[in-house]
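Chains as they are written, first to last, in my numbering: chain V, 1 to 131; chain E, 132 to 262.
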């Protein structure tokens, strides 16, 4: 068992978020704990960042959810091939575009999380082919 | 605080793993708990998958590590812009290529984790531009 604490929370005024970041132009803010501000020093407007977060409103995972029908597909699929928020460890991943960084707050576009979502990590977005 | 349990573990015979999956051709296996086998049903050879795991051998994070010098860079960078295993929540992300799926075991190429690394999630690799 591993314990992770939020490093911050998502803020967005949008109450109906799209099902996936790849089709989202919703804006919002990643408000980090002030203790982590210095760790944001190399994040710049225009960057794509990977945000790992907790699906904190999802129901508990159960065995019958190992396959699920995604809303935009016409068949059941294995949970590890889909982005369902109901999964063995309820961790979400979104690739967001940075609009602005001010102190401990990153303004972003591409939000597909609810307001109040706990953030557990931010990473650079790196494509499979090395530079 | 959120608790996550491993869904499986990385197996690799390689003892010196590259610093990043994007420059790795190391092979290995993702051995999932048998309870999750059904969730792998849509993972196919040739697929790229995102594997989230725990940097279980990393030292505890400390404030002075908010900026770190990556081994292949000549300057200090913010922890949220680099892939260092020493981070506030020690979660790693690798994009691996699937060679084979047999029951609860995925054979992969691109390993940059140590043998025995706890896996906490597997997700489809989706590029920023929607299909």
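Glycine included, C-beta positions come from ideal geometry on N, C-alpha and C.
Between the C-alpha atoms of residue i and residue j, what's the straight-line distance to the nearest angstrom?
{"i": "residue 170/E", "j": "residue 67/V", "result": "6 Å"}
{"i": "residue 28/V", "j": "residue 85/V", "result": "20 Å"}
{"i": "residue 77/V", "j": "residue 190/E", "result": "38 Å"}
{"i": "residue 130/V", "j": "residue 155/E", "result": "Low per-residue confidence applies at residue 130/V: pLDDT is 45, beneath 50, and the placement is therefore not dependable enough to give any value."}
{"i": "residue 15/V", "j": "residue 205/E", "result": "43 Å"}
{"i": "residue 47/V", "j": "residue 142/E", "result": "34 Å"}
Does the beta carbon of residue i come closer than 9 Å to any beta carbon on chain V?
{"i": "residue 220/E", "result": "yes"}
{"i": "residue 254/E", "result": "yes"}
{"i": "residue 180/E", "result": "yes"}
{"i": "residue 247/E", "result": "no"}
{"i": "residue 193/E", "result": "no"}
{"i": "residue 166/E", "result": "yes"}
{"i": "residue 135/E", "result": "yes"}
{"i": "residue 209/E", "result": "yes"}
{"i": "residue 189/E", "result": "no"}
{"i": "residue 157/E", "result": "no"}
With a threshold of 7 Å on Cβ separation, who are the neighbours of residue i within its own chain once the five nearest residues in sequence on each side are excluded?
{"i": "residue 83/V", "result": "20"}
{"i": "residue 9/V", "result": "31, 116, 117, 118 and 119"}
{"i": "residue 88/V", "result": "61"}
Starting from the C-beta of residue i, find all residues in its chain whose C-beta is less than 6 Å away, skip the five residues before and the five after it, and write them out in chain order.
{"i": "residue 225/E", "result": "152, 182 and 243"}
{"i": "residue 104/V", "result": "32, 34 and 37"}
If we define contact as Cβ-Cβ less than 9 Å, is residue i a contact residue for chain E?
{"i": "residue 38/V", "result": "yes"}
{"i": "residue 81/V", "result": "yes"}
{"i": "residue 127/V", "result": "yes"}
{"i": "residue 1/V", "result": "yes"}
{"i": "residue 85/V", "result": "no"}
{"i": "residue 42/V", "result": "yes"}
{"i": "residue 45/V", "result": "no"}
{"i": "residue 17/V", "result": "no"}
{"i": "residue 111/V", "result": "no"}
{"i": "residue 130/V", "result": "The pLDDT assigned to residue 130/V is 45, lower than 50, so where the model puts this residue is not dependable; a value taken from the coordinates is nonetheless given after this. Closer than 9 Å to some Cβ of chain E, the Cβ of residue 130/V qualifies, so yes."}
{"i": "residue 7/V", "result": "yes"}
Pull up the CB-CB distance for residue i and residue j, whole angstroms please, since I reckon it's below 8 Å.
{"i": "residue 99/V", "j": "residue 45/V", "result": "6 Å"}
{"i": "residue 180/E", "j": "residue 253/E", "result": "6 Å"}
{"i": "residue 174/E", "j": "residue 222/E", "result": "Incorrect: roughly 21 Å between the Cβ atoms, too far for contact."}
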